[in-house]
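What follows is a short report on a single structure.
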Amino acid sequence: MQHNTEYQTNDTMAFKRLINSKKIFSLFAVFSLLGTNLLMAQDTATPTVSSVTGGDATATPGMWMSVGYYVLLFLVLCVVIAIVGKILKVYDLSLQLQNKKQINWNNIMGAICILFMIVGFYGAYWSITEQGSMTLPEAASKHGVKIDQMFLTTSILTLFVFVLTQFLLFFFAFKYRGSDKRKAYFLPHNNTIEKVWTIVPAIVLTILVVFGFFTWQEITNSTDGKGESSINIDVTGHQFAWELRYPGNDGKLGRKNYTLIGGNNKLGIDYKDRNSFDDLAADTMVIPVNKSIRLNINAQDVIHSVYMPHFRVQLNAVPGLPTFFRFTPTITTAEMRTRTDNAKFEYLLYCNKICGASHYNMQKVVRVVTDSEYNEWIARQKPYLTDGLKKELKLAEGNQKKNISQNRLALNN
Ligand SMILES: [Cu+2]
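Quick look at the structure:
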């Protein structure tokens with residue numbers, strides 16, 4: 009009797025503990041769902057450049073609500089499946105008590121495997137046909153076409169392997185399910201099989217890697233060292249905007265130095281370098297079609313990333329580590345507007361590193377134009393060397409002289 013009560017108290021305690029952990033988990037789930045919704049809703053409240061593009065890319069709070077809804081639906085479905093499984097188990101035990109023929113679980117598991125395979129394949133087919141077009145827009149640069157070819161080759165190869173292996177996995181699980189009529193064949197080791205599944209993937213992966221290596225080399229060496237001049241454009245990232253600098257008539261960008269960064273000299277341009285005098289500030293990145301563009305990439309605070317999906321350009325912008333990327337745009341904005349049937353279409357330069365709270369809004373419009381349009385536009389751009397900056401530079405020179413004389417005084421003392 010005593011023992012019984014002891015067990016009972018133990019059981020109730022364990023039960024209570026279970027209830028508590030369940031309560032805690034559900035509370036946690038509710039909070040994380042609510043938190044995500046609130047965060048996302050806040051983000052969408054601020055207008056973004058994407059509204060310029062006329063795309064449907066802007067997320068709505070409703071969209072995130074529906075994400076939460078589908079997560080909950082999935083959890084409910086899991087619970088329902090678990091309950092059905094338990095009911096079947098109880099039914100099976102009742103059959104056993106009545107000395108009747110029991111449920112053949114091996115057949116059920118085999119059928120579930122086949123069902124899972126069919127649903128899984130349909131899901132893969134659905135995601136390719138429904139969402140495949142959302143991956144990347146049409147390539148609008150010379151090297152972009154090559155990257156797409158590589159991407160397509162890899163996708164077809166992996167798709168083939170995916171279908172083959174998944175079919176074998178689930179079909180074999182069904183075909184050779186447990187049965188009293190069969191005895192499992194014991195296969196401890198087979199050298200031929202081992203060789204095949206080591207050598208074949210090794211060859212395929214080597215081909216892909218070499219293919220990728222040569223494509224990347226072609227992209228990065230395309231115009232370097234061949235004397236072909238590119239249009240130099242400085243892209244500097246900071247929290248949370250991109251700054252653009254174009255060279256003036258000389259085609260050369262002046263030196264920069266981070267110690268010179270100040271109110272009127274946002275980029276820290278060194279005006280001791282004569283090449284700096286005619287450098288231009290621009291708000292939009294306007295580039296001529298079919299001309300080689302060299303982006304000089306910089307960052308001032310944290311790591312940002314220059315990302316232009318249409319041109320298949322992406323390179324990190326790292327503070328203190330200037331890099332560059334050359335590409336040649338092939339389709340003008342006007343042409344793309346007719347192709348996409350969207351009068352508001354714009355190419356965009358995004359930041360592709362989560363660099364802080366307003367990272368999502370770090371975008372710049374890129375406009376690809378004809379040669380004459382470009383020349384007309386560049387003539388209208390204002391120099392970086394503003395009147396304010398000129399005054400400041402003179403002041404700085406004056407200060408420097410003062411400092412020097414003060415130092416001399418100090419030395420004399
Ligand atoms: Cu950024």
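For the sequence shown, this note's numbering gives the first residue as 9, with consecutive numbering after it.
We put the beta carbon where it would ideally sit given N, CA and C, even for glycine.
- Around the Cβ of Gln371, a 10 Å sphere holds 16 or more other Cβ atoms; the residue is buried.
- When the alpha-carbon of Gly259 is set against those of Ala90, Ser366, Lys361, Ser237, the nearest one is in Ser237.
- Exclusion of Gly328 from the 7 angstroms shell around ligand 1 follows from its C-beta lying no nearer than that to any non-hydrogen atom of the ligand.
- Scanning its chain for C-beta atoms nearer than 8 angstroms, with the 5 sequence neighbours on each side dropped, one finds around Arg375 the residues Thr292, Met293, Val294, Ile295, Thr341, Glu354, Tyr355, in chain order.
- For Phe333, the secondary structure class from DSSP, reduced to helix, strand or coil, is strand.
- Around the Cβ of Leu96, a 10 Å sphere holds fewer than 16 other Cβ atoms; the residue is exposed.
- Proximity of the segment 211-231 to the segment 146-161 meets the contact definition, three or more beta-carbon pairs being nearer than 8 angstroms.
- Here the distance from the Cβ of His312 to the nearest heavy atom of ligand 1 is below 7 angstroms.
- For Met293, the uninterrupted beta strand (DSSP E) run begins and ends at 293-296, by DSSP.
- Shortest gap from the CB of Lys274 to any heavy atom of ligand 1: 7 angstroms or more.
- With a beta-carbon spacing of about 18 angstroms, Pro330 and Asn360 fall beyond the 8 angstroms limit used to define contacts.
- A distance below 8 angstroms separates the beta carbons of Ala307 and Thr244.
- Here Phe333 has Leu303, Val321, Leu323 as same chain residues with Cβ atoms under 6 angstroms from its own Cβ, once five neighbours each way along the sequence are excluded.
- Under the criterion of beta carbons closer than 8 angstroms, Asp278 and Leu268 qualify as touching, at roughly 6 angstroms.
- Counting every other CB atom within 10 Å of its CB across the protein chains shown gives Ser102 a total below 16, marking it as exposed.
- A check of alpha carbon separations from Phe335 across Thr378, Ala148, Val127 identifies Ala148 as the nearest.
- By a beta-carbon distance limit of 8 angstroms, Phe178 contacts Ile122. Their separation comes to about 6 angstroms.
- The Cβ atoms of Thr338 and Asn283 lie no closer than 8 angstroms to each other.
- Sixteen is the threshold: since fewer than 16 other Cβ atoms of the shown chains lie within 10 Å of the Cβ of Ala387, the residue is exposed.
- Taking 8 angstroms as the cut-off, the beta carbon of Gly186 is found closer than this to the beta carbon of Asn114.
- With a threshold of 7 angstroms, the Cβ atom of Lys361 counts as near ligand 1, since some heavy atom of the ligand is closer than that.
- With a cut-off of 7 angstroms, the C-beta of Met316 is classified as distant from ligand 1, since no heavy atom of the ligand falls inside that distance.
- Within a 10 Å sphere around the beta-carbon of Gly256 sit 16 or more other beta-carbons, which makes this residue buried.
- According to DSSP, Gln322 shares a beta bridge with Tyr315.
- Counting only unbroken stretches of 4 or more residues, the alpha helix (DSSP H) elements lying wholly within the segment 132-213 are 150-183, in sequence order.
- Remark: the shortest separation between the CB of Met293 and any heavy atom of ligand 1 does not fall under 7 angstroms.
- Per the coordinates, the alpha-carbon of Val212 lies some 12 angstroms from the alpha-carbon of Phe168.
- A direct Cα-to-Cα measurement between Asp188 and Gly76 gives close to 46 angstroms.
- Phe319 counts as buried, since at least 16 other C-beta atoms from the protein chains shown sit within 10 angstroms of its C-beta.
- In this model, Asn112 and Ala119 are separated by some 11 angstroms (Cα to Cα).
- Nearest C-alpha to Ile116 among His312, Tyr130, Gly93, Ile136: Gly93.
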